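Residue numbers (this note's numbering): 30 to 258. Quick reminder that beta carbons are idealized off the backbone N, C-alpha and C, glycines included. Note that this is a predicted model, so its numbers are computed, not measured.
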């Protein structure tokens, strides 16, 4: 299978208020089309790991490769461009721009990428919002949507550049149970479309949606299990 992510002997320290080793030699690979949940208690290092994988945190030892490209040695400007093209990230809190329209929020990464004209990007944003059941909200300010709708818009924004990997950090953490199920069904549908999905969660029922579960404890992978089909 095609390898989209390779993590080799990754070590991470926090330095304030004193040196503390958060990750202790993390090594694993991710194949195209996998749906992985990274689980562990608060403080286990799982979210820290995700931010390294997403290239948003570059202060670590070891190597990380995305789609065959070693991102460890890249500069910040290179990384920003690479991340925008290859990785879609969904935060626990949606981080939409509240005074921008829904469509404008979704379009931002694609306009930054500059691959298509604005009209084409708008049409793609509208289609994604329709796919994610937020159709008809394009011109509303993002702040006027419900929490569940805002997270759907955040997912649309993460998908606008057709990234090879979608990463999500506790994507249901601020949602009620009904909205959480809806959001996780979206991730399941993306997986069925052969998208690669990696999400961090501390909730066992959310982790169950994934086909592979990586458990992190005290900065180390203590289990890596593929669920029976």
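- Annotation for residue 52: the continuous beta strand (DSSP E) segment containing it runs 49-60.
- The DSSP-derived three-state label of residue 87 is coil.
- With 16 or more other Cβ atoms inside 10 Å of its own Cβ, residue 157 counts as buried.
- The DSSP-derived three-state label of residue 197 is strand.
- Contact between the segment 145-161 and the segment 182-202 is present: three or more C-beta pairs spanning the two stretches fall below 8 Å.
- Judged by their CB atoms, residue 125 and residue 182 are nearer to each other than the 8 Å cut-off.
- Annotated three-state conformation of residue 103 is coil, per DSSP.
- Within the segment 185-257, the runs of beta strand (DSSP E) at least 3 residues long that lie entirely inside it are, in chain order, 194-198, 225-230, 241-246 and 249-255.
- With 16 or more neighbouring CB atoms inside 10 Å of its own CB, residue 76 falls in the buried class.
- Taking the C-beta atoms as reference points, residue 166 is found nearer than 8 Å to residue 131.
- One alpha carbon belongs to residue 200, the other to residue 120, and they sit about 6 Å apart.
- In terms of Cα proximity to residue 161, the closest of 211, 172 and 255 is 211.
- In the DSSP assignment, residue 68 is bridged to 230 and 244.
- Between residue 243 and residue 57, the C-beta gap is smaller than 8 Å, which places the two residues in contact.
- Ranked by how close their Cα comes to the Cα of residue 253, the residues 67, 49, 37 and 196 have 67 in first place.
- With respect to residue 96, residue 193 sits close: the two C-beta atoms are nearer than 8 Å.
- The Cβ neighbour count for residue 84, taken over all protein chains shown within 10 Å, is at least 16; the residue is labelled buried.
- By the neighbour-count criterion, in which a residue is buried when 16 or more other Cβ atoms sit within 10 angstroms of its Cβ, residue 70 is exposed.
- Remark: C-beta atoms of residue 88 and residue 80 do not approach each other more closely than 8 Å.
- Counting only residues of its own chain and dropping the five nearest sequence neighbours on each side, residue 54 has a CB closer than 8 Å to the CB of 38, 39, 40, 91 and 249.
- The continuous alpha helix (DSSP H) containing residue 151 extends over residues 147-160.
- Beta-bridge analysis with DSSP links residue 119 to 197.
- Each of 240, 231, 102 and 233 was checked against the Cα of residue 225, and the nearest Cα belongs to 240.
- Going by C-alpha positions, residue 255 is about 28 Å away from residue 101.
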